[in-house]
Amino acid sequence: MLASVTSATLLGVDGQVVTVEVHIASGLPGYHVVGLPDPAVRESRERVRAALQSSDIAWPPTRITVNLAPGGVRKTGAGLDLAVAVGIQLASDTLPAGALDGIAVLGELGLDGTVRRVPGALALVAAVARAGCTTVVVPAHDAAEAALVPGVTVRVARDLAELRACLKGETPWPDPPPPPAPDDGDEPFDEPLDLADVRGLAWARRALEVAAAGGHHLLLAGPPGVGKTMLARRLVTIIPELTDTEALEVTRVHSAAGRSGHGLVRRPPFRSPHHTASVAALVGGGSGRPNPGEVTLAHHGILFLDELGEFPPRALDALRQPLEERAVWIARQPITLCFPADFVLVACTNPCPCGLGGPACVCGEGARARYRRRLSAPLLDRFDVRLSVGSPEPTDQPGESSASVRVRVDAAVARQRDRLAGTPWRRNAHVPAGALERLLPLSADALGALLVETEARRLTGRGGARVRRVARTLADLEGSTDVTAGHVAWAAQLREDVP
Amino acid sequence: MTGPPITPTDVTHTPNEVAAATLVCLPKMTPTRLRALIHHFGSPELALRAVAAGRLGPQSCDAGADVRRGWRDRADPVAMRRRLEARGTRVWLEGTDAYPIIDAVPDRPAVLLAEGARPEVFAAPRVAVVGTRGATPHGLADARELGLFLAGEGVTVVSGLAIGIDAAAHDGAIAAGGGVVGVVATGLDVTYPRRHAVLYDRVRARGMIVAERGFGVGPLPGLFPVRNRIIAALADVVVVVEATLKGGARITAQFALDYGRSVLAVPGSRRNPAAAGTNALIADGAHPLVEWSDVLVALGMTAAGTPRSSASPSRPAPTPKARALLDALGGEPANPDQLASRSGLSPQEVAVALAELERAGWTERAQGAIWPR
Chain A
1 MLASVTSATL LGVDGQVVTV EVHIASGLPG YHVVGLPDPA VRESRERVRA
51 ALQSSDIAWP PTRITVNLAP GGVRKTGAGL DLAVAVGIQL ASDTLPAGAL
101 DGIAVLGELG LDGTVRRVPG ALALVAAVAR AGCTTVVVPA HDAAEAALVP
151 GVTVRVARDL AELRACLKGE TPWPDPPPPP APDDGDEPFD EPLDLADVRG
201 LAWARRALEV AAAGGHHLLL AGPPGVGKTM LARRLVTIIP ELTDTEALEV
251 TRVHSAAGRS GHGLVRRPPF RSPHHTASVA ALVGGGSGRP NPGEVTLAHH
301 GILFLDELGE FPPRALDALR QPLEERAVWI ARQPITLCFP ADFVLVACTN
351 PCPCGLGGPA CVCGEGARAR YRRRLSAPLL DRFDVRLSVG SPEPTDQPGE
401 SSASVRVRVD AAVARQRDRL AGTPWRRNAH VPAGALERLL PLSADALGAL
451 LVETEARRLT GRGGARVRRV ARTLADLEGS TDVTAGHVAW AAQLREDVP
Chain B
1001 MTGPPITPTD VTHTPNEVAA ATLVCLPKMT PTRLRALIHH FGSPELALRA
1051 VAAGRLGPQS CDAGADVRRG WRDRADPVAM RRRLEARGTR VWLEGTDAYP
1101 IIDAVPDRPA VLLAEGARPE VFAAPRVAVV GTRGATPHGL ADARELGLFL
1151 AGEGVTVVSG LAIGIDAAAH DGAIAAGGGV VGVVATGLDV TYPRRHAVLY
1201 DRVRARGMIV AERGFGVGPL PGLFPVRNRI IAALADVVVV VEATLKGGAR
1251 ITAQFALDYG RSVLAVPGSR RNPAAAGTNA LIADGAHPLV EWSDVLVALG
1301 MTAAGTPRSS ASPSRPAPTP KARALLDALG GEPANPDQLA SRSGLSPQEV
1351 AVALAELERA GWTERAQGAI WPR
């Protein structure tokens, strides 16, 4: 009269194993769910009952108690429906005992008995695999994602009647649907982008390469129409593919946000929220179940903030922690969730409200000062590369193509991987100040140049460390083993006081 | 700043001066009303007596009845005397020896209020240095150098204490220990812009601050063009360093021409919007200021055609690539992208050469561009 089925629910972007216990007892017919269900889980009764009846499976006219363990974790979404439906059949002895040993069940039910997709399948399957399940039953839509988890046999459930037959051994399990085409990430563009579209701007292009190769945050300032946004959007064409581990993480995050379910994400995400974005939309949060924000959706990719000065200062300052820690902690009674947020921040800004800047500016002094104050010094300090972009010269020719820049960036990334092998870091920008001496050593020449620049530009300790990392990336892009004084001078030049 | 402290014993006031200051500080007092009042009653003292007694008829000035009633309650020369003495404020009446503007200026203020440690700066030749608030680094450098130069020649620098050219000119003159006069549009007890509080103190210590408005008058937009006529009237020569086409500096220049003063303008690039006003002045007949000594010629202190050698700072000679960048700059601001395009150097070569030029003082970075110096 008692059955238990293993399933899982989402907690942030991670899976949490849930044991669905179903108890059937004599008494007045009724249905009770206990164990911190949210409304979607509580409503499962109606869905499960209709689905069972549509599939010609009897609804036991008894007292049914469903317990979701562990009791202290809030369960969200409709992904536990299928586990409850199977548990009821098991408890009412219409399925053979032991039919679900070592099998986890995920899926939402339609009233007609079809099994619908669940968000975060990758994280959920990974969680039940860690808990020792060797087989997992998933909706057909999520099969490709579930198959990314090693060591688990994936079974596909298309509808309740078929699943019942398969569990009884009456019919073979259906084949999983063919894997979909690899996901190209978000933000599809109408026309293919290429760096060759950008004329001139030799410096700004190199700054873009630095950001792509070394993971450095980049701020471009300049009047409207000179090509800041054009350039920044083309960053996607020169960043390297995700590694296997990164791809799994990105897929997990996107799936949990309900944004994917198309198999492994291979291209780094490119997120460009509008400047009206709220703090919660940017860094994550929201009432009830905290949702990942743009910084998490940009994990292992690029967060592009156009018109940085137009973002609410509160939202921008909320970026400081994720920029430093490469993760966001969201506290909600009674739990604190950690969302990964390892992204490269690329931002564009006008020099002042009128956008013209310099002598052409028509803004009042007060308006200009207010505009500058919107970008706090601590935020500006976190950009490794800051430069102003000017209008191209009339004689400028189309630039180097993305493909040829990409070759250089890939080589620079490979050099960093070799250098940083055995450390928790992947890019020059990630190396903490304490490890700079060991991992990014400078020649006496370059060290002298760094001292000169520190003196001349009154760099802070953090500023000096950032110049050092950028210098290393510049050297990596040139395929140079050593950082030269020239690289240091250049890196310092790429750290302008803007806007 | 050093300079003698202003103590109440430094300044004494005649009853006429106290009465004039009381009139200036009445609410809704304007230069026109003040002039009309004093003219109608013959002297500030008589005018104040009439105001206090409520004997102002509609024929004495254009102020309405309710404004005149308000004046009656505020006409308190005793309190004003205490205030003037506490602040060390001088009151200069038209027609007295201390009054610094010559009779030929038609709409000169009837009363000027002045504060500062060095009233003697009015004895020296005076040159107004004015320009836009949105100056380029070149303009700021020019204004400052001109201030330094004039101070070295014993010339008093007159300006408006505004952001940009004004502040740079004051700053240069003070740095060289010269005399300065700041003409403000507000009352003497108002600091505008507020961030210039230190500059105000320095100008007070090294010269004088002058106003035609009463205490407590704030920075209303209409006051500034009216104030500019005093700058023009106080100066023997007006130099416009950088001005936009519609700026207050051009208004000052226009007043100066009306008063028969020489106007000099620093020529600028066709591409520089902050030089459009000065170039237009030159096109209209103002003298181009090419050498600083041109100002002395205009003042009549030096004969024309004897330029003084201006000592240019000694800098290490640039390396060939740095030279190429200087050529690519061509005396105008540019950004690194443009320099890379024009010079044909690689981004790294540009970076290294730029670092060298900046260190040696050939260029500076400002407003998102590289400026030759």
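Those protein sequences? They're chains A and B, same order as listed.
Under my numbering, residues 1 to 499 are what the first sequence spells out, in order.
Under my numbering, residues 1001 to 1373 are what the second sequence spells out, in order.
We treat Cβ as the ideally placed atom computed from N, Cα and C, and that holds for glycine.
On a predicted model such as this, the values are computed, not experimentally measured, just so you know.
Out of B:V1239, B:A1110, B:R1270 and B:A1175, state which residue places its alpha-carbon closest to the alpha-carbon of B:G1214.
B:A1110
Is it true that the segment 251–265 of chain A meets the segment 421–429 of chain A, where meeting means three or more beta-carbon pairs spaced less than 8 Å apart?
no
Where in the segment 1280–1340 of chain B do unbroken runs of the alpha helix (DSSP H), each at least 4 residues long, occur, reported from the N-terminal end onward?
1293–1299 and 1320–1329
Quick check on DSSP: helix, strand or coil for A:M1?
coil
So for B:R1087, helix, strand or coil by DSSP?
helix
Using CA coordinates, which residue listed in A:R252, A:M230, A:L450 and A:D482 is at the minimum distance from A:R199?
A:M230
Shorter than 6 Å, the distance from the beta carbon of B:H1196 to the closest heavy atom of the ligand FAD, or not?
With respect to small molecules bound, the structure shown includes none, and the ligand FAD cannot be examined in it.
So which residues of chain A does B:Q1338 contact, with C-beta pairs closer than 7 Å?
G390 and E393
Return helix, strand or coil for A:Y371, following the three-state DSSP convention.
helix
So, at 8 Å on beta carbons, what are the nonlocal neighbours of A:V295 in its own chain, with the 5 sequence-adjacent residues on each side left out?
L282, V283, G284, L303, L319, P322, V328, F339, A341 and F343
Among A:Q16, A:R49, A:K75 and A:G79, nearest to A:V510 - alpha-carbon criterion:
A question about residue 510 of chain A goes unanswered here, because the residues of chain A that appear run from 1 up to 499.
Helix, strand or coil for B:M1080, going by three-state DSSP, please let me know.
helix
Verify the CB distance criterion: does B:R1227 have a CB-CB separation below 7 Å to chain A?
no
Using 8 Å as the threshold, is the segment 64–79 of chain A in touch with the segment 5–17 of chain A, meaning 3 or more CB pairs across them?
yes
In its own chain, which residues sit with a C-beta less than 7 Å from the C-beta of A:D317, not counting the 5 before and 5 after it?
S376 and L379
Considering only residues of the same chain and omitting the five flanking positions on each side of B:P1225, which have a CB-CB separation below 8 Å?
G1248 and I1251
Could you tell me if A:F189 is buried or exposed, where buried requires 16 or more neighbouring beta carbons within 10 angstroms of its beta carbon?
Here A:F189 scores only 49 on pLDDT, less than 50, and its place in the model is too uncertain to base an answer on.
What residue range does the beta strand (DSSP E) around A:H23 cover?
D14 to A25
Taking C-beta pairs closer than 9 Å, name the residues in chain A that B:I1163 reaches, listed in chain order.
E365
Need the endpoints of the alpha helix (DSSP H) that A:I64 sits in, please.
Taken as a continuous stretch (DSSP letters only), A:I64 belongs to no alpha helix (DSSP H), being part of the beta strand (DSSP E) at R63 to A69.
Can you find a C-beta in chain A that's less than 7 Å from the C-beta of B:P1220?
Residue identity check: residue 1220 of chain B is Leu in the sequence provided, not Pro. False, the Cβ-Cβ gap to chain A never drops below 7 Å.
In chain B, what lies closer than 8 Å to A:P398 by C-beta?
Near A:P398 there are no residues of chain B at all, since even the closest Cβ is about 13 Å away, more than 8 Å.
Would you mind telling me which residues of chain B sit closer than 8 Å to A:L201, beta carbon to beta carbon, in chain order?
D1337
Selected residue, minimal CA-CA separation from B:A1019, among B:A1324, B:W1092 and B:G1064
B:W1092
First through last residue of the beta strand (DSSP E) which encompasses A:H32
G30 to V34
Does the beta carbon of B:A1353 sit closer than 7 Å to a beta carbon anywhere in chain A?
no
Applying a beta-carbon distance threshold of less than 9 Å, which residues of chain A neighbour B:A1334?
G390
Which runs of the beta strand (DSSP E) at least 3 residues long sit entirely within the segment 1083–1144 of chain B? Give them in chain order.
1090–1093, 1111–1116 and 1126–1130
Sort A:S391, A:T94, A:G366 and A:L450 by Cα distance to B:A1355 and report the nearest one.
A:L450
Could you tell me if B:L1281 is buried or exposed, where buried requires 16 or more neighbouring beta carbons within 10 angstroms of its beta carbon?
buried
Note down the Cα distance separating B:T1136 from B:E1242, rounded to an integer number of angstroms.
8 Å
Identify whether A:E108 lies in helix, strand or coil by the three-state DSSP scheme.
strand
A:L28, buried or exposed, once every other Cβ within 10 Å from all chains shown has been counted against 16:
exposed
Can you give me the C-alpha to C-alpha distance between A:E162 and A:I24, rounded to a whole angstrom?
24 Å
State the beta-bridge partners of A:F339 as determined by DSSP.
A:V328
Alpha carbon of B:L1345 to alpha carbon of B:R1133, nearest angstrom:
36 Å
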